[in-house]
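For reference, the structure discussed in these notes is given below.
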Amino acid sequence: QVHLVESGGGLVQTGGSLRLSCAASGSIFSINFMGWYRQAPGKQRELVAAISRGGTTNYSGAVKGRFTISRDSAKNTVYLQMNSLRLEDTGVYSCAVWGPQDRYWGQGTQVTVSS
Numbered sequence: 086q087v088h089l090v091e092s093g094g095g096l097v098q099t100g101g102s103l104r105l106s107c108a109a110s111g112s113i114f115s116i117n118f119m120g121w122y123r124q125a126p127g128k129q130r131e132l133v134a135a136i137s138r139g140g141t142t143n144y145s146g147a148v149k150g151r152f153t154i155s156r157d158s159a160k161n162t163v164y165l166q167m168n169s170l171r172l173e174d175t176g177v178y179s180c181a182v183w184g185p186q187d188r189y190w191g192q193g194t195q196v197t198v199s200s
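If you read the sequence shown in the working numbering, its first letter stands for residue 86, the second for the next number, and so on.
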């Protein structure tokens with residue numbers, strides 16, 4: 086089992102920045118990827134960004150160039166730096182970690198971007 090604790094959501098104006106954190110504990114030896122999903126109101130959950138154990142990153146087209154995912158392996162923590170936030174970035178952001186057989190989810194944190 087892997088336990089994930091997220092922090093950093095909140096309310097921000099358009100153009101502002103937020104940083105999300107997700108700390109993992111437990112059986113993390115089986116985890117190859119860490120990432121962030123988001124679910125906007127009335128929409129399906131989508132993968133925003135992911136980072137591999139080796140540091141390779143991937144971003145959705147909607148956030149590329151504005152968001153940066155990083156990880157601190159010593160702390161088993163993944164971060165999502167979100168800059169130039171837009172109204173459409175509003176949603177519940179959930180941390181996820183996964184390996185060949187399992188996927189674990191955080192509790193989710195609300196990000197609200199206002200005009």
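Positions of the beta carbon are idealized from the N, C-alpha and C atoms, including for glycine.
Just so you know, these numbers come straight off a predicted model, no measurement behind them.
| said: Rounded to the nearest angstrom, what separates residue 141 and residue 184 at their Cα positions? | reply: Near 15 Å, if we compare the C-alpha coordinates of residue 184 and residue 141.
| task | Please state if the CB of residue 109 and the CB of residue 120 are separated by a distance shorter than 8 Å. | result | Cβ distance not < 8 Å, so residue 120 and residue 109 don't count as in contact.
| Ends of the beta strand (DSSP E) at residue 136? | Under the DSSP assignment, residue 136 falls in the beta strand (DSSP E) whose first and last residues are 131-137.
| task | Name the residue from 103, 105 and 113 whose alpha carbon lies nearest to the alpha carbon of residue 158. | result | Out of 103, 105 and 113, 113 has the C-alpha closest to the C-alpha of residue 158.
| request: Put residue 113 into one of helix, strand or coil per three-state DSSP. | output: In the displayed model, residue 113 falls within a helix according to three-state DSSP.
| Beta-carbon contacts of residue 209 that lie in its chain and below 8 Å, excluding the five residues immediately before and after | Because the chain spans 86 through 200 in this model, residue 209 falls outside it and cannot be assessed.
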